[in-house]
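**Q** The structure's right below; bear with me while I get my questions together.
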């Protein structure tokens, strides 16, 4: 019998399980410390570390969305379902939104960094600075809760064609009708019940817990467009392989190698940085984040401007 050929870049299931287990324990432990530690310095450290550990869990959710968390479809789904509880969100909802992002990346449906003629400037700037400040995470979680309670609201037609396109709503909602809305809502019930149970059993206090989620919101949200802003207008090439401190790579599971990810979305996270070309221009994450505070810029008129990110 012919031996089955091993994939060139196999999924590191054992490593993923280990990281999941350790991160889940740290997530709960840091929430507990933030509320119950007697020293302020320990509470602050717990808040900061929580913001990174929660991102590790989100990065594993991202792997599950692309079916590279586990070789088994069943384990991949179950792990994605569990991981969604830490954000909190539905695995299937996140998958729907994220795969639409891959399809429409840098198209005219996803150009939050550029001002087009006819754009609602207030909405454009509000959306942009919500990404930079972490409000975007709050909107995402509130949106998930609204979807659980009032799913009929999630239609591109609700905002009108122009605003739906400008905000990216029409691209995000593109796949929703192709999946099970009941499954998404049941997954959301799990996610929110998990969070409530966690807060109850850990006996957390309001302000320290709010600080934990606010820190995570900023740490997560600040990356969500820094890896695309001002990049070339192409679905696969329109991203950056950002430079970051080495510990960011550990916590974010190489998420900053985002151009490679868009070029090879089925490539597991341990191999992403191996695919970066040495001669490639790579902006630093913090430099890009600071540049983004200048706000959206007028839509480039030439292809050279697109390539240079001007």
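Residue numbers (this note's numbering): 4 to 313.
Positions of the beta carbon are idealized from the N, C-alpha and C atoms, including for glycine.
Label residue 19 either buried or exposed according to how many other C-beta atoms from any shown protein chain fall within 10 Å of its C-beta, with 16 as the threshold for buried.
**A** Residue mapping note: residue 19 aligns to position 16 of the chain shown, counting from 1. The residue is buried, with at least 16 neighbouring Cβ atoms inside 10 Å.
**Q** Measuring straight from C-alpha to C-alpha, what distance separates residue 264 and residue 240?
**A** Position 261 of the chain shown, counting from 1, holds the residue named residue 264. Position 237 of the chain shown, counting from 1, holds the residue named residue 240. When rounded, the distance between both Cα atoms is 10 Å.
**Q** Residue 280 by DSSP, collapsed to three states: which one?
**A** Residue numbering aside, residue 280 sits at position 277 when the chain shown is read from its first letter. Coil, per DSSP.
**Q** Starting from residue 273 and walking both ways along the alpha helix (DSSP H), at which residues does that stretch end?
**A** The count along the chain shown starts at 1 and reaches residue 273 at position 270. First-last for residue 273: undefined, no H or E at that position.
**Q** Quick one: Cα of residue 90 to Cα of residue 187, how far?
**A** Taking the chain shown and counting its residues from 1, the one referred to as residue 90 is at position 87. Taking the chain shown and counting its residues from 1, the one referred to as residue 187 is at position 184. Rounded to whole angstroms, residue 90 to residue 187 spans 15 Å at the Cα level.
**Q** Check whether the stretch 133-146 touches the stretch 217-228, counting contact only when three or more Cβ pairs, one atom from each stretch, lie closer than 8 Å.
**A** A contact exists between the stretch 133-146 and the stretch 217-228.
**Q** Which whole-angstrom value describes the C-beta separation of residue 106 and residue 64, a residue pair presumed to lie in contact below a C-beta threshold of 8 Å?
**A** Locating residue 106 in the chain shown gives position 103, where the first residue counts as 1. Locating residue 64 in the chain shown gives position 61, where the first residue counts as 1. The Cβ separation is near 19 Å, so there is no contact.
**Q** Apart from the five residues on each side of it in sequence, which residues of its chain come closer than 7 Å, Cβ to Cβ, to residue 230?
**A** On the chain shown, position 227 is the one that residue 230 refers to. Answer for residue 230: 242, 243, 245, 259, 261, listed in chain order.
**Q** Please determine, among 297, 270, 238, the residue with the shortest C-alpha to C-alpha distance to residue 104.
**A** Working through the chain shown from its first residue, we reach residue 104 at position 101. Among 297, 270, 238, the Cα nearest to that of residue 104 is on 238.
**Q** Going by the CB atoms, is the gap between residue 50 and residue 214 shorter than 8 Å?
**A** Locating residue 214 in the chain shown gives position 211, where the first residue counts as 1. Locating residue 50 in the chain shown gives position 47, where the first residue counts as 1. For residue 214 and residue 50, yes; Cβs fall inside 8 Å.
**Q** Which residues in the same chain as residue 248 place their Cβ atom closer than 8 Å to its Cβ, once the five residues preceding and following it in sequence are excluded?
**A** To locate residue 248, count along the chain shown from 1; it is residue 245. Excluding residues within five positions, none has a Cβ falling inside 8 Å.
**Q** By alpha-carbon positions, which one of 257, 17, 53, 111 ends up nearest to residue 302?
**A** Within the chain shown, the letter at position 299 stands for residue 302. Of the listed residues, the one whose Cα sits closest to residue 302 is 111.
**Q** Out of 92, 274, 78, which has the shortest C-alpha to C-alpha gap to residue 257?
**A** Taking the chain shown and counting its residues from 1, one reaches residue 257 at position 254. When each option's Cα is compared against that of residue 257, the closest is 274.
**Q** What is the DSSP secondary structure of residue 98, reduced to helix, strand or coil?
**A** Here residue 98 corresponds to residue number 95 of the chain shown, with the count starting at 1. In this structure, residue 98 counts as helix in the three-state DSSP scheme.
**Q** Going by the beta-carbon positions, is the gap between residue 356 and residue 74 smaller than 8 Å?
**A** Past the boundaries of the shown model lies residue 356; the chain is included only from 4 to 313, so the question cannot be answered.
**Q** Just to check my reading of the structure: residue 116 and residue 300 have Cβ atoms closer than 8 Å, yes? What is that Cβ distance to the nearest angstrom?
**A** If you number the chain shown from 1, residue 116 lands on position 113. If you number the chain shown from 1, residue 300 lands on position 297. Going by Cβ atoms, the distance from residue 116 to residue 300 rounds to 7 Å, so yes, they are a contact pair.
**Q** If you scan the stretch 218-261 from start to end, which runs of the alpha helix (DSSP H) of 4 or more residues do you find wholly inside it?
**A** Segments of the alpha helix (DSSP H) lying fully in the stretch 218-261: 249-255.
**Q** Here's a check: name, in chain order, each residue in its chain whose Cβ is nearer than 7 Å to the Cβ of residue 149, leaving out the five neighbours to either side.
**A** Here the question's residue 149 lines up with position 146 in the chain shown. Correct list, in chain order: 156.
**Q** My output table needs one value for residue 317: the three-state DSSP class, helix, strand or coil.
**A** Past the boundaries of the shown model lies residue 317; the chain is included only from 4 to 313, so the question cannot be answered.
**Q** Where does the unbroken alpha helix (DSSP H) through residue 54 begin, and where does it stop?
**A** Sequence index remark: in the chain shown, residue 54 carries index 51 (1-based). Where residue 54 is concerned, the enclosing alpha helix (DSSP H) stretches over 43-68.
**Q** I'd like to check one pair, residue 46 with residue 211: are the Cβ atoms closer than 8 Å?
**A** Translated into positions along the chain shown, residue 211 becomes position 208. Translated into positions along the chain shown, residue 46 becomes position 43. Cβ distance < 8 Å, so residue 211 and residue 46 count as in contact.
**Q** Do residue 31 and residue 205 have their C-beta atoms within less than 8 Å of each other?
**A** Start at 1 with the first residue of the chain shown, and residue 31 comes out as number 28. Start at 1 with the first residue of the chain shown, and residue 205 comes out as number 202. Cβ distance < 8 Å, so residue 31 and residue 205 count as in contact.
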